[in-house]
Amino acid sequence: MRNIIKNQSILQKKKNLAQQHQLLLFKLTLKK
Numbered sequence: 234m235r236n237i238i239k240n241q242s243i244l245q246k247k248k249n250l251a252q253q254h255q256l257l258l259f260k261l262t263l264k265k
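For reference, each letter of the sequence shown is one residue, going 234 to 265 in my numbering.
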């Protein structure tokens, strides 16, 4: 059971990182 929770938190962190990355890319494209 603990393992599932750990996996979910890792997935959540990856999602957050991906969203931050997309935001950065978006800002970069706006600057062009």
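Ideal placement from N, C-alpha and C gives every residue a C-beta, glycine not left out.
Being a predicted model, the structure only gives us computed values, none of them experimental.
Quick check: what's the CA-CA separation for residue i versus residue j?
i, j, result
"Gln-245", "Arg-235", "15 Å"
"Lys-260", "Lys-248", "18 Å"
"Lys-264", "Ala-251", "20 Å"
"Thr-262", "His-254", "12 Å"
"Gln-241", "Leu-256", "22 Å"
"Ile-237", "Ile-243", "10 Å"
With DSSP as the reference, label residue i as helix, strand or coil.
i, result
"Lys-265", "coil"
Less than 6 Å between C-beta atoms, sequence neighbours within five positions excluded: which residues of the same chain meet that for residue i?
i, result
"Leu-258", "none"
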